[in-house]
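Count the sequence shown with the working numbering and you get residues 20 to 158, in order.
All remarks here apply to the structure that follows.
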Amino acid sequence: KNNFTQSDLTIHIRHLYHNLGSLDTNPEHQEQPTIDTYNDVIKKVNPRKIKVICPTEKNFYYKKLKEIYGDQIYLETKDDIFDFFNLMNSKNLVLSNSTYSLWASLLSKESNVYVPNIGVVKSILKKKKLNLDSNFIYL
20 KNNFTQSDLT IHIRHLYHNL GSLDTNPEHQ EQPTIDTYND VIKKVNPRKI
70 KVICPTEKNF YYKKLKEIYG DQIYLETKDD IFDFFNLMNS KNLVLSNSTY
120 SLWASLLSKE SNVYVPNIGV VKSILKKKKL NLDSNFIYL
C-alpha cells in the first residue's frame, strides 16, 4: 500500500524556474504541453479527480487548470523521491517535457501514459512502440 492520494488522472507539470534564471538553456527542454493538450486528455479519460504533480501551486499551468476544473483538481507534491514514486504509481499519467516523468512512466506498471509530441520526450521516444506493461498513447 502506498501513501499517495488516488486519482483517475495524474498530470506532471515541469516547473521552469524562470525567476531564478534559466536552468535549461536547451530550447528543446523549455516547451511544455499546452492547456489544450491537458483538456483533450481530460475529455478522453473523464476523471472524477485530477492530481497534479508540480513543485509549486504558483505554476501558470496548474493555476489555469485549477481555474477550469476547480475542486476536481488538486496538487500533491512533497519532494523529488515522493513525487517520482507518485508518478510511477499513477493509473493515467500525462507526461511533461521531462526525462524525470519519462523515467517514472517507463518504470510504472498498468498505466496509460499520455506522451506529448514535444521537446526532449519527442526526440527520445519518436513515437516508438514500447514493449512495456504501460500503454503509451502519443498525443
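Cβ coordinates follow ideal geometry from the N, Cα and C atoms, glycine included.
In this text the structure is predicted, and so the values were computed from the model without any measurement.
Inset, instruction - Determine the DSSP secondary structure at T118, reduced to helix, strand or coil. - result: Sequence index remark: in the sequence shown, residue 118 carries index 99 (1-based). T118 sits in a helix when the DSSP states are folded into three classes.
Legend entry - Selection from N78, Q49, V64 that minimises the alpha carbon distance to V132: Start at 1 with the first residue of the sequence shown, and residue 132 comes out as number 113. Per the Cα distances, V64.
Legend entry - Buried or exposed by the 16-neighbour rule on C-beta atoms within 10 Å, applied to F67: If you number the sequence shown from 1, residue 67 lands on position 48. Checking the sequence, you will find Arg at residue 67 rather than Phe. Residue environment for R67: exposed (fewer than 16 other C-beta atoms within 10 angstroms of its C-beta).
Inset, instruction - Using the Cα positions of P135 and K85, report the straight-line distance between them to the nearest angstrom. - result: Here residue 135 refers to the residue found at position 116 when the sequence shown is read from its first residue. Here residue 85 refers to the residue found at position 66 when the sequence shown is read from its first residue. Going from the Cα of P135 to the Cα of K85 covers about 20 Å.
Inset, instruction - Figure out for me which residue from S26, T24, Q25, T53 has the closest Cα to the Cα of R33. - result: Within the sequence shown, the letter at position 14 stands for residue 33. Cα-wise, what sits closest to R33 is T53.
Legend entry - Simplified DSSP state of L126, which is helix, strand or coil: Locating residue 126 in the sequence shown gives position 107, counting from the first residue. Correct three-state label for L126: helix.
Inset, instruction - Take L28 and list the residues in its own chain whose beta-carbon comes closer than 6 Å to its own, dropping the five residues that flank it on each side. - result: Along the sequence shown, one-based indexing puts residue 28 at 9. Closer than 6 Å at Cβ, skipping near neighbours: V64, P66, I69, N111.
Inset, instruction - Could you check if N154 is buried or exposed, using at least 16 other CB atoms within 10 Å of its CB as the buried criterion? - result: Position 135 of the sequence shown holds residue 154. Exposed is the call here.
Legend entry - C-alpha gap between N150 and K128, whole angstroms: For this step, residue 150 is matched to residue 131 along the sequence shown. For this step, residue 128 is matched to residue 109 along the sequence shown. Roughly 12 Å between the two C-alpha positions.
Legend entry - Neighbourhood of S117 by C-beta, 6 Å cutoff - its chain only, sequence neighbours within 5 removed: The residue labelled residue 117 in the question sits at position 98 within the sequence shown. Excluding positions up to five away in sequence, the list reads R33.
Legend entry - Spatial neighbours of L39 in its chain, beta-carbon cut-off 8 Å, leaving aside the 5 residues before and after: Here residue 39 refers to the residue found at position 20 of the sequence shown. Bear in mind that the predicted position of L39 carries a pLDDT of just 48, short of 50, making it unreliable; the figure below should be weighed with that in mind. There are no such residues.
Legend entry - DSSP-derived helix/strand/coil call for F79: Numbered from its first residue, the sequence shown carries residue 79 at position 60. Note: F79 maps to helix in three-state DSSP.
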